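Residues in the sequence shown are numbered consecutively from 14, following my numbering.
Beta carbons are placed, not taken as given, at the ideal position from N, Cα and C, and that holds for glycine.
Quantities reported herein were computed from a predicted structural model and do not represent experimental measurements.
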Amino acid sequence: MTGTGTLMRSLHKRLALALFAAAVVGVLVGTALVGGVGTASGAVLPPGNAVQQWDKIAEDTVVGSGAFQNEGLIYMGYVSSAMYRAVSPGERRGQSPDAAVVEAAYATLSRYFPAQAATLDALHAEALAAIPDSQAKVVGMRYGALAAAKEIAERGGDGLQTPIGSTSPFPTRPAGPGVWRLTPGAYLPPQTPWVANVRPFILNSAAQFLPPPPASLQSQQWVDAFNEIEAHGSNTNPSTAETTTARFWTANVIRQYNRLARDVATAKGTDLVQTARLMAMVNTVGADAQISCMYAKYHYLFWRPVTSIDPTSVTDDGFGPVAGFDDGNPATAEQPGWRPLIATPNHPEYPAAHGSITSAEAEVFSEFLGTDAIDLDVHGFDPASPAGNLDATRHFDTAAELRAEIVNARVWAGVHYRFSGIAGANLGREVAQYDLAHAFDPSGAAG
14 MTGTGTLMRS LHKRLALALF AAAVVGVLVG TALVGGVGTA SGAVLPPGNA VQQWDKIAED
74 TVVGSGAFQN EGLIYMGYVS SAMYRAVSPG ERRGQSPDAA VVEAAYATLS RYFPAQAATL
134 DALHAEALAA IPDSQAKVVG MRYGALAAAK EIAERGGDGL QTPIGSTSPF PTRPAGPGVW
194 RLTPGAYLPP QTPWVANVRP FILNSAAQFL PPPPASLQSQ QWVDAFNEIE AHGSNTNPST
254 AETTTARFWT ANVIRQYNRL ARDVATAKGT DLVQTARLMA MVNTVGADAQ ISCMYAKYHY
314 LFWRPVTSID PTSVTDDGFG PVAGFDDGNP ATAEQPGWRP LIATPNHPEY PAAHGSITSA
374 EAEVFSEFLG TDAIDLDVHG FDPASPAGNL DATRHFDTAA ELRAEIVNAR VWAGVHYRFS
434 GIAGANLGRE VAQYDLAHAF DPSGAAG
């Protein structure tokens, strides 16, 4: 223990000296150099405190990389965890917390997104230039760098697969009724099945809260779910209320819930530590929910509505030239040519990923606000605005309302049976309750 402590103190001292030397060089060269970097790149810091700024920078970096939402949440978990580490009470000895946050986020993003170096370097320079030069700034940079290094080291070998958007082998089953097939149309490779095998941030394992199996094809639950989505989830659904709700929830969940977290932090006037705590809760709990959900999806390999309702749509999907199958249930009526309102994602059906992430985040905000009466405005997709927008707003008085709407929305989108949405919502809530009970001390202590 003594030898390790001495070594760490020595390393800390050398790093502090190096950072101090770098800071001195920056001062000697002049502020114009820092300003010039930012101006040349066109990079502008987002509004808010340092955590809000770098959460938005992380969001833009991750989403801009083309990452799928489930893998993107893992990267967001890395960054938000590093920021939270950097300002936890045990790491705040004589430091500038702003400098610690900037350095932690910058170092983490730079490690995973080297192609964004120019933009990140410019934003880093601008952020540091806004913090008065002092020993506290140097100490803050040191602890921020150490927090990032610790996070990166701890997540090493966690199952992350690169490059962004890559697929991987996954378990398969013989073709037959109820078995997932590649999505008709493009028959794209499965979306990031490797996420199912990523080590969770807080959970013991991805299988910790594995949902029960999906509905039997001979059950009344299956008949009810099949008939409901056939009637309400098609691209010919005349209900404006249902289709508008479905389209609202096609927004990128990374953008939705990180924006909501920043809005909550602003509205509540949270300090830097509590803002970092909230961002870490949103992103690590969200990542654990998606890891668990992807594990369950590839465990059960249940078929999507587009395949069950129109079994003739699948003839050659890359699994082999095997004709589609109907469910063998006389109480359901297949409909050749049926298509969902929203294009079906290229991964298995059960449980619903949007249900799991939204339910997990509902629990996060309930915990952070201290009530299920969350009283929140959530931003989502407006069909009248450009692609990728968050121009529409929907208000939710309670966490239960939010959970109920996401289940409905995915049915009306034609991409999930109701029992899949409910299973996803239950999974997300269980994951969140476990994670929140085992980390994120309200005092700000990292867990």
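Quick one: what's got a C-beta closer than 6 Å to Val-298's C-beta in the same chain, skipping five residues either side? The residue you call residue 298 lines up with position 285 of the sequence shown. Excluding residues within five positions, the ones whose Cβ falls inside 6 Å are Ala-373, Val-377, Ala-445, Asp-448.
Judging by CA-CA distance, which residue of Arg-124, Tyr-200, Pro-206, Phe-214 is the nearest neighbour of Ser-181? Position 168 of the sequence shown, counted from the first residue, corresponds to residue 181. The shortest C-alpha separation from Ser-181 is found at Pro-206.
Would you grab the beta carbon distance between Val-114 and Met-96 for me? Rounded to a whole angstrom, and I think it's under 8 Å. Here residue 114 is taken as the residue at index 101 of the sequence shown, counted from 1. Here residue 96 is taken as the residue at index 83 of the sequence shown, counted from 1. Going by Cβ atoms, the distance from Val-114 to Met-96 rounds to 5 Å, so yes, they are a contact pair.
According to DSSP, simplified to helix, strand and coil, what is His-360? On the sequence shown, residue 360 is found 347 positions in, with the first residue counted as 1. In this structure, His-360 counts as coil in the three-state DSSP scheme.
Return the residue from the list Arg-168, His-137, Asn-217 that minimises the CA-CA distance to Ile-461. Coverage of the chain is limited to positions 14 through 460, which leaves residue 461 absent and any answer about it impossible.
Roughly how many angstroms lie between the CA atoms of Pro-324 and Glu-362, to the nearest whole one? For the purposes of this step, residue 324 is taken as the residue at position 311 of the sequence shown. For the purposes of this step, residue 362 is taken as the residue at position 349 of the sequence shown. If I take the Cα positions, the gap works out to 15 Å.
Pick helix, strand or coil for Asp-68, following the three-state DSSP scheme. For the purposes of this step, residue 68 is taken as the residue at position 55 of the sequence shown. Reduced to three states, the DSSP call for Asp-68 is helix.
Using 8 Å as the Cβ pair cut-off and three pairs as the minimum, do the segment 150–168 and the segment 107–122 touch? yes
Which runs of the alpha helix (DSSP H) at least 4 residues long sit entirely within the segment 204–248? Give them in chain order. 233–245
Burial state of Pro-318, where buried means 16 or more other Cβ atoms lie within 10 Å: On the sequence shown, residue 318 is found 305 positions in, with the first residue counted as 1. Classification for Pro-318: buried.
Exposed or buried, what is Ser-93 when buried is set at 16 or more other beta-carbons lying within 10 Å of its beta-carbon? Translated into positions along the sequence shown, residue 93 becomes position 80. The residue in question, Ser-93, is buried, as its Cβ has 16 or more Cβ neighbours within 10 Å.
For Arg-272, which three-state DSSP category applies? For the purposes of this step, residue 272 is taken as residue 259 along the sequence shown, with counting starting at 1. Here Arg-272 sits in helix by DSSP.
If you drop the 5 nearest sequence neighbours on each side, which residues of the same chain put their C-beta closer than 6 Å to that of Thr-44? Position 31 of the sequence shown holds residue 44. With a pLDDT of only 25 at Thr-44, under 50, the local geometry of the prediction cannot be trusted, and the value read off the model is given with reservation. Nothing meets the Cβ criterion.
Would you mind sorting Pro-343 into buried or exposed? The rule is 16 or more other CB atoms within 10 Å of its CB. Residue numbering aside, residue 343 sits at position 330 when the sequence shown is read from its first letter. Classification of Pro-343: exposed, given that the 10 Å Cβ count is below 16.
Simplified DSSP assignment, three categories, for Gly-393: Numbered from its first residue, the sequence shown carries residue 393 at position 380. It is a strand residue.
Per DSSP, Val-192 is paired with what? Your numbering for residue 192 matches position 179 in the sequence shown. According to DSSP, which records beta bridges pairwise, Val-192 is partnered with Phe-315.
Look up Ala-405 in the DSSP assignment and say whether it is helix, strand or coil. On the sequence shown, position 392 is the one that residue 405 refers to. Residue state, collapsed to three classes: strand.
Looking at the structure shown, is Pro-353 part of a helix, part of a strand, or coil, going by DSSP? Your numbering for residue 353 matches position 340 in the sequence shown. Strand, per DSSP.
Can you tell me whether Gly-441 is buried or exposed? The criterion is at least 16 other CB atoms within 10 Å of its CB, across all chains shown. Counting from one through the sequence shown, the residue named residue 441 turns up at place 428. By the neighbour-count rule (16 or more Cβ atoms within 10 Å), Gly-441 is buried.
Which value, in whole angstroms, describes the spacing of the CA atoms of Ile-322 and Phe-394? Counting from 1 along the sequence shown, the entry for residue 322 is found at position 309. Counting from 1 along the sequence shown, the entry for residue 394 is found at position 381. Distance between the alpha carbons of Ile-322 and Phe-394: 27 Å.
Relative to the C-alpha of Ser-369, which candidate in Ile-70, Ser-78, Glu-72, Asn-83 has its C-alpha closest? Numbered from 1 along the sequence shown, position 356 holds the residue referred to as residue 369. Nearest of Ile-70, Ser-78, Glu-72, Asn-83 to Ser-369, Cα basis: Asn-83.
Taking all protein chains shown into account, do 16 or more other C-beta atoms lie within 10 angstroms of the C-beta of Asp-301, making it buried, or fewer, making it exposed? Here residue 301 is taken as the residue at index 288 of the sequence shown, counted from 1. Buried: at least 16 other Cβ atoms inside 10 Å.
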